[in-house]
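Trainee:
Residue numbers (the working numbering): 158 to 565.
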């Protein structure tokens, strides 16, 4: 679809998402930030950043990796950001968070006056964006990212289904997720579009491994396994530590880098200490993309043992750096990984992960060919996203609100 250049800048797009980089976790929502930043160069875009504000109740805390809120003055590079909060009760208000979130979002959307609303994260934020959009007579697109579409619990699944069926279009980041939206939730195939993520090719590219190791203080002979992401159980952290411990027991050169942050940080540090492996594990914290790229470039292999995934962008970033990947065979991983750039293993299988990591470190990989195959940047993602918005707007009629009602 060709988009007139003058129409691009005049288009007003509201992005609603709770997943963005925050000071204590710079890797969180990085790909949504990159998409929004690139889209802001094509259209007048504002990013609304909702956060649930929970009361301080002893013994009752949300199971969330958002540890504290950012203030109204929080800013991110390259985007017009509007953070805000709405009230909730941990463990009790999930069913109502979409509705309460819509109340908080509606006046903000009215003030911005967008042409279209684009929500990244299905529930509660996509649901809230859909309700607010309908109140204002606006079309709404919901972008699913991964775990937000792989929902099992009853009420959350019903609300996720309602949001997906009510949206004017659904964006997914992998073909596996597209099949899930259609097969598991009944979304019409014509309303589901896959837009795979891009990478910052100026940051993620081949570098000299020896130079990166000198920079980071990694021994030249080390066999470095690196993980990049959130420290949560569903990312396979227990399996990764078990696999690493087994490898370390028979190879004194094996080392591990855990790049990121999350609720398991203290627990992981304690587990590493109790296993007597602290001197072989690096935990540099949440890092900026350029620093993440340095760790990947210094590595022998990147590990991603997640239980579920959407489109694991860190895999593409690793391959672009010429680093092979061992990942769980979930979500869109198999759309990226093949015999020339990595190995797939069953999720939640520490033994399989151990053997695959050992094989990956023993093999010779064609780093130049791997890197050359990864060239999709964020500008391409923004162009595809704007095209999806224009497609919805071309078909939009206020009567389309009947879909939201029928989805309920």
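The beta carbon of each residue, even a glycine, is placed where N, CA and C say it ideally should be.
Is the distance from the Cβ of residue 288 to the Cβ of residue 259 below 7 Å?
Mentor: Here the question's residue 288 lines up with position 131 in the chain shown. Here the question's residue 259 lines up with position 102 in the chain shown. Yes, these two residues count as a Cβ contact at 7 Å.
Trainee: Going straight from the alpha carbon of residue 349 to that of residue 277, what length do you get?
Mentor: Position 192 of the chain shown, counted from the first residue, corresponds to residue 349. Position 120 of the chain shown, counted from the first residue, corresponds to residue 277. Approximately 14 Å, taken between the alpha carbons.
Trainee: If we count the other Cβ atoms within 10 Å of its Cβ and call it buried at 16 or more, is residue 529 buried or exposed?
Mentor: Position 372 of the chain shown, counting from 1, holds the residue named residue 529. Here residue 529 is exposed: its Cβ has fewer than 16 other Cβ atoms, across all protein chains shown, within 10 Å.
Trainee: Per DSSP, residue 415 is paired with what?
Mentor: For the purposes of this step, residue 415 is taken as residue 258 along the chain shown, with counting starting at 1. Answer is 384, bridged to residue 415.
Trainee: Please report the distance separating the alpha-carbon of residue 358 from that of residue 475.
Mentor: In the chain shown, the residue the question calls residue 358 occupies position 201. In the chain shown, the residue the question calls residue 475 occupies position 318. Spanning the two alpha carbons is a distance of roughly 11 Å.
Trainee: For residue 221, does the count of other Cβ atoms within 10 angstroms reach 16, so buried, or fall short, so exposed?
Mentor: One-based indexing of the chain shown puts residue 221 at position 64. Residue confidence is low: residue 221 scores 48 on pLDDT, short of 50, so the model does not pin down where it sits. Its coordinate-derived value is still stated next. Burial call: exposed.
Trainee: In angstroms with no decimal places, state the Cα-to-Cα distance between residue 223 and residue 319.
Mentor: Along the chain shown, one-based indexing puts residue 223 at 66. Along the chain shown, one-based indexing puts residue 319 at 162. Low per-residue confidence applies at residue 223: pLDDT is 46, beneath 50, and the placement is therefore not dependable, though the value from the model is reported in the following sentence. Cα-Cα distance, rounded: 25 Å.
Trainee: Mapping DSSP to helix, strand and coil, what is residue 326?
Mentor: Translated into positions along the chain shown, residue 326 becomes position 169. Note: residue 326 maps to strand in three-state DSSP.
Trainee: Would you call residue 556 buried or exposed, if buried means 16 or more other Cβ atoms sit within 10 Å of its Cβ?
Mentor: Counted from its first residue, the chain shown places residue 556 at position 399. The predicted model places residue 556 with a pLDDT of 49, which falls under 50 and marks its position as unreliable; any figure quoted below should be read in that light. Around the beta carbon of residue 556, fewer than 16 other beta carbons sit within 10 angstroms, so the residue counts as exposed.
Trainee: By how many angstroms is the C-alpha of residue 190 removed from the C-alpha of residue 181?
Mentor: Along the chain shown, one-based indexing puts residue 181 at 24. Along the chain shown, one-based indexing puts residue 190 at 33. Near 16 Å, if we compare the C-alpha coordinates of residue 190 and residue 181.
Trainee: Could you tell me which residues DSSP puts in a beta bridge with residue 210?
Mentor: Within the chain shown, residue 210 is the residue found at index 53, counting from 1. In the DSSP output, where bridge partners are listed per residue, residue 210 has 244.
Trainee: Got a sec? Which residues, its chain only, sit under 6 Å from residue 305 by beta carbon, not counting five neighbours each side?
Mentor: Along the chain shown, read from residue 1 onward, the residue named residue 305 stands at position 148. Closer than 6 Å at Cβ, skipping near neighbours: 278, 279.
Trainee: In terms of DSSP beta bridges, what is residue 545 paired with?
Mentor: Within the chain shown, numbered from 1, the residue matching residue 545 stands at position 388. Residue 545 is not bridged to any residue.
Trainee: Count the other CB atoms within 10 Å of the CB of residue 208; is the residue buried (16 or more) or exposed (fewer)?
Mentor: What you label residue 208 is simply residue 51 of the chain shown in a count that begins at 1. Answer is buried; the Cβ neighbour count reaches 16.
Trainee: Work out the CA separation of residue 414 and residue 440 for me, nearest whole Å.
Mentor: Looking up residue 440 in the chain shown gives position 283. Looking up residue 414 in the chain shown gives position 257. Using only the alpha carbons, I get a separation of about 6 Å.
Trainee: Quick check on this structure: which residue in 437, 419, 398 has the alpha carbon closest to the alpha carbon of residue 509?
Mentor: On the chain shown, position 352 is the one that residue 509 refers to. The shortest C-alpha separation from residue 509 is found at 398.
Trainee: Looking at residue 383: is its Cβ nearer than 7 Å to the Cβ of residue 459?
Mentor: Residue mapping note: residue 383 aligns to position 226 of the chain shown, counting from 1. Residue mapping note: residue 459 aligns to position 302 of the chain shown, counting from 1. Yes, they are a contact pair.
Trainee: Specify the secondary structure class of residue 441 as computed by DSSP and reduced to three states.
Mentor: Translated into the one-based positions of the chain shown, residue 441 becomes position 284. If DSSP states are grouped into helix, strand and coil, residue 441 belongs with the strands.
Trainee: Could you tell me which of 462, 202, 424 sits nearest to residue 435, measuring between CA atoms?
Mentor: On the chain shown, position 278 is the one that residue 435 refers to. Comparing Cα-Cα distances from residue 435 to each of 462, 202, 424, the minimum goes to 424.
Trainee: If distances are taken between C-alpha atoms only, which option among 297, 206, 395, 447 comes closest to residue 364?
Mentor: As a working note, residue 364 is residue 207 in the chain shown. Ranked by Cα distance from residue 364, the options 297, 206, 395, 447 are led by 447.
Trainee: Need the endpoints of the alpha helix (DSSP H) that residue 263 sits in, please.
Mentor: Stepping through the chain shown from its first residue, residue 263 is reached at position 106. Here the alpha helix (DSSP H) through residue 263 covers 251-269.
Trainee: Please report how far the alpha carbon of residue 550 lies from the alpha carbon of residue 433, in whole angstroms.
Mentor: For this step, residue 550 is matched to residue 393 along the chain shown. For this step, residue 433 is matched to residue 276 along the chain shown. Rounded to the nearest angstrom, the two C-alpha atoms are 59 Å apart.
Trainee: Measure the C-alpha to C-alpha separation of residue 445 and residue 356 and round it to an integer number of angstroms.
Mentor: On the chain shown, position 288 is the one that residue 445 refers to. On the chain shown, position 199 is the one that residue 356 refers to. One C-alpha to the other measures close to 14 Å.
Trainee: Using the three-state DSSP reduction, which class does residue 520 fall into: helix, strand or coil?
Mentor: Taking the chain shown and counting its residues from 1, one reaches residue 520 at position 363. If DSSP states are grouped into helix, strand and coil, residue 520 belongs with coil.
Trainee: If we cut at 7 Å on Cβ distances, does residue 329 have a partner in chain D?
Mentor: As a matter of chain content, chain D is missing from the structure shown, which is built from one protein chain.
Trainee: Using a Cβ-Cβ cut-off of 8 Å (strictly less than) and excluding sequence neighbours within five positions of residue 206, which residues of its own chain qualify?
Mentor: Along the chain shown, read from residue 1 onward, the residue named residue 206 stands at position 49. Result list for residue 206: 174, 175, 177, 227, 231, 238, 239, 240, 241, in chain order.
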